[in-house]
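Below is one structure, written out as structure tokens; the observations come after it.
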Amino acid sequence: MANRVVVAGVGMLPFVKPGASASYDEMGAEAARLALKDAGIDYDKVEQAYVGWVYGDSTSGQAALYKVGLTGIPVVNVNNNCSTGSSALFLARQAVEAGIVDCAIALGFEQMTPGALGAVFDDRPNPLGDFLKIADDSFQGAGEVPMALRLFGGAGYEYQEKYGAKSETFARVREKASRHAEHNERAIFRTPVSVDDVMQSPKMFLNLTRLQCCPPSCGAAAAILCSEGFARKHGLDASIVIAGQAMTTDYPSTFAEKSLIKVVGADMTKEAARRVYEQAGIGPDAIDVVELHDCFTTNEVITYEGLGLCPEGGAEKFVWDGDNTYGGKVVTNPSGGLLSKGHPLGATGLGQCAELTWQLRGQSGKRQVEGARVALQHNLGLGGACVVTLYERRA
-9 MANRVVVAGV GMLPFVKPGA SASYDEMGAE AARLALKDAG IDYDKVEQAY
41 VGWVYGDSTS GQAALYKVGL TGIPVVNVNN NCSTGSSALF LARQAVEAGI
91 VDCAIALGFE QMTPGALGAV FDDRPNPLGD FLKIADDSFQ GAGEVPMALR
141 LFGGAGYEYQ EKYGAKSETF ARVREKASRH AEHNERAIFR TPVSVDDVMQ
191 SPKMFLNLTR LQCCPPSCGA AAAILCSEGF ARKHGLDASI VIAGQAMTTD
241 YPSTFAEKSL IKVVGADMTK EAARRVYEQA GIGPDAIDVV ELHDCFTTNE
291 VITYEGLGLC PEGGAEKFVW DGDNTYGGKV VTNPSGGLLS KGHPLGATGL
341 GQCAELTWQL RGQSGKRQVE GARVALQHNL GLGGACVVTL YERRA
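In structure tokens form, the structure reads like this:
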């Protein structure tokens, strides 16, 4: 019988702009220490570590964890683009659930540089080459635009063409993110912005403006996962459990249908969510709070539908009815999301895990979702991988 997996402790550093952080190893070590302290255990109780980052040299995971302790445990380094942190979480959860270990740590960090993301190696094929070709074939001159902007900007434009959504709908998503981040001391951008502010910020590509794009960021976050038996033995809080989790990669539809909505992971999201709801035995109507991958406002809108939070083509109504915020159907990105909190690639998924753990414990202060018992996490990486995780608070 599979073990029920407990989120025993979480830790997260405030996300900051490039150049304002400590080095990746120091950030990673501090996030790990915070998670261990939150769980109430020493590092020597951890049996395996899964450590994620995107931009850095090999064995950076060891460099960070060696500052916490030298215990000889396996350290597995993970790189899955923007879903890296959740990929580390996925591996740690599998190890505990399968009974391979009783306690594992998932750690993610990123030390980024300013500017749009780009390829590091120009002497070999770009893993996103097939994805970018669809964008380049769809929009004249797109090849001069940074790659993430091409893909997510194109997907949003396609969504508007298909469903008639207003550009202001996407701007309202950013406005909502800023209101939520106002109460998050770990977010980069905490000043509220209006729909007009978003619409009037510089145009980046197609209908996307600058304020609709997440900023490059530095930061770190970690989670301690354990079995219920381990939690009982060591007197740990076992109230937050992972009730379902799935990772998906791309399907033939990603490329065959020439749809940028599919290219940026809509089908991966839909299938991962379906599996998670099936595992947990509940549907999207039971979700109280969501942290989803809003790297661009366009992706948040598309993801509402992929996660089943609203019907296909119903995201615009969902946004304008306020069903994505406090007082609505489900509070999305109470942290401010990637748009306001920041997006240090390797740390993002574990930052989402930390936020949802605090929400389910009732520890989120002014951004607390009242009575939250069920939380959903969505973390997407192009190239591709999507991880969806469902957490429950149990007595």
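Going by the numbering used here, 208 is the number at position 218 of the sequence shown; the sequence numbering is gapless.
All C-beta atoms, glycine included, are put in the ideal place defined by N, C-alpha and C.
No experiment lies behind these values; they were computed from the predicted model shown.
Subject >> Alpha-carbon spacing of F308 relative to C208, whole angstroms >> reply: In the sequence shown, the residue the question calls residue 308 occupies position 318. In the sequence shown, the residue the question calls residue 208 occupies position 218. Their backbone Cα atoms lie some 32 angstroms apart in a straight line.
**OP:** Starting from R140, follow the alpha helix (DSSP H) in both directions and report where the run begins and ends.
**Re:** Within the sequence shown, numbered from 1, the residue matching residue 140 stands at position 150. Its alpha helix (DSSP H) spans residues 137 to 153.
Original post:
Which runs of the beta strand (DSSP E) spanning at least 3 residues fall entirely within the stretch 162 to 211, listed in chain order?
Top reply: 193 to 195
Subject >> Buried or exposed by the 16-neighbour rule on C-beta atoms within 10 Å, applied to E148 >> reply: As a first step, residue 148 is located in the sequence shown; it is residue number 158 there, counting from the start. E148 should be labelled buried.
Original post:
Going by the beta-carbon positions, is the gap between G226 and A(-2) smaller than 8 angstroms?
Top reply: Indexing the sequence shown from 1 puts residue 226 at position 236. Indexing the sequence shown from 1 puts residue -2 at position 8. The sequence as given places Leu at residue 226; Gly does not occur at that position. Cβ atoms of L226 and A(-2): closer than 8 angstroms.
Original post:
Helix, strand or coil for N352 per DSSP?
Top reply: For the purposes of this step, residue 352 is taken as residue 362 along the sequence shown, with counting starting at 1. Position check: residue 352 holds Gly in this sequence, whereas Asn was assumed. In the structure shown, G352 sits in coil (DSSP, three-state: anything other than H, G, I, E or B).
**OP:** Let me know the alpha helix (DSSP H) ranges lying completely inside the stretch 26 to 102, each 4 residues or longer, listed in chain order.
**Re:** 50 to 55, 74 to 87
Original post:
Assuming E175 and P182 make a contact with CB atoms under 8 angstroms, what is their CB distance in whole Å?
Top reply: Stepping through the sequence shown from its first residue, residue 175 is reached at position 185. Stepping through the sequence shown from its first residue, residue 182 is reached at position 192. With 8 angstroms as the limit, E175 and P182 do not qualify as a contact, their Cβ atoms being about 15 angstroms apart.
Original post:
Are the beta-carbon atoms of Q349 and Q367 separated by less than 8 angstroms?
Top reply: Stepping through the sequence shown from its first residue, residue 349 is reached at position 359. Stepping through the sequence shown from its first residue, residue 367 is reached at position 377. No, Cβ-Cβ distance for Q349 and Q367 is not below 8 angstroms.
Original post:
In terms of residues, what are the limits of the alpha helix (DSSP H) holding G219?
Top reply: Counting from 1 along the sequence shown, the entry for residue 219 is found at position 229. Segment 218 to 224, the alpha helix (DSSP H) holding G219.
Subject >> the stretch 374 to 385 touching the stretch 91 to 100, judged by at least three CB pairs closer than 8 angstroms >> reply: no
**OP:** Compare the Cα-Cα distances from A53 to each of Y45, D28, A19, G373 and report the closest residue.
**Re:** Counting from 1 along the sequence shown, the entry for residue 53 is found at position 63. With distances taken between Cα atoms, A53 lies closest to A19.
Subject >> 8 angstroms contact criterion, which E100 and V44 should meet: CB distance rounded >> reply: The count along the sequence shown starts at 1 and reaches residue 100 at position 110. The count along the sequence shown starts at 1 and reaches residue 44 at position 54. Between V44 and E100 the Cβ distance is about 6 angstroms, and since that is below 8 angstroms, they are a contact.
Original post:
In the structure shown, what three-state DSSP assignment does I232 receive?
Top reply: Numbered from its first residue, the sequence shown carries residue 232 at position 242. I232 falls in the strand class under three-state DSSP.
Original post:
Which stretch, first to last residue, makes up the beta strand (DSSP E) that contains T379?
Top reply: One-based indexing of the sequence shown puts residue 379 at position 389. Here the beta strand (DSSP E) through T379 covers 375 to 383.
Original post:
Hey, out of G75, A85, S128, whose CA is closest to K248's CA?
Top reply: What you label residue 248 is simply residue 258 of the sequence shown in a count that begins at 1. For K248, the nearest C-alpha among the options comes from S128.
Original post:
I think L340 touches A365, with their Cβ atoms under 8 angstroms apart; what is that distance to the nearest whole Å?
Top reply: Working through the sequence shown from its first residue, we reach residue 340 at position 350. Working through the sequence shown from its first residue, we reach residue 365 at position 375. About 14 angstroms; that fails the 8 angstroms criterion.
**OP:** Could you check if P115 is buried or exposed, using at least 16 other CB atoms within 10 Å of its CB as the buried criterion?
**Re:** Along the sequence shown, read from residue 1 onward, the residue named residue 115 stands at position 125. Its Cβ having fewer than 16 others within 10 Å, P115 is exposed.
**OP:** Could you spell out where the alpha helix (DSSP H) holding V253 opens and where it closes?
**Re:** Residue numbering aside, residue 253 sits at position 263 when the sequence shown is read from its first letter. V253 -> alpha helix (DSSP H) spans 250 to 253.
Original post:
Taking the alpha carbon of R164 as the point to measure from, which residue in T379, V(-4), N323 has its own alpha carbon closest?
Top reply: As a first step, residue 164 must be located in the sequence shown, where it is residue number 174. Ranking T379, V(-4), N323 by Cα distance to R164 puts N323 first.
Original post:
Going by alpha carbons, who is nearest to Y316 out of G361, A12, S217?
Top reply: Walking along the sequence shown from the start, residue 316 turns up at place 326. It is G361.
**OP:** Could you say which of G144, I124, V36 lies nearest to L97 if we only look at CA atoms?
**Re:** One-based indexing of the sequence shown puts residue 97 at position 107. Of the listed residues, the one whose Cα sits closest to L97 is V36.
Original post:
Between which two residues does the alpha helix (DSSP H) containing A262 stretch?
Top reply: Locating residue 262 in the sequence shown gives position 272, where the first residue counts as 1. Element bounds for A262: 256 to 270.
Original post:
Roughly how many angstroms lie between the CA atoms of K156 and S191, to the nearest whole one?
Top reply: For the purposes of this step, residue 156 is taken as the residue at position 166 of the sequence shown. For the purposes of this step, residue 191 is taken as the residue at position 201 of the sequence shown. Cα to Cα, the separation comes out at about 17 angstroms.
Original post:
What three-state label does DSSP hand L329 in the structure shown?
Top reply: As a first step, residue 329 must be located in the sequence shown, where it is residue number 339. In the structure shown, L329 adopts helical secondary structure according to DSSP, grouped into three states.
Original post:
Within the 8 angstroms Cβ cut-off, does P242 reach chain B?
Top reply: As a matter of chain content, chain B is missing from the structure shown, which is built from one protein chain.
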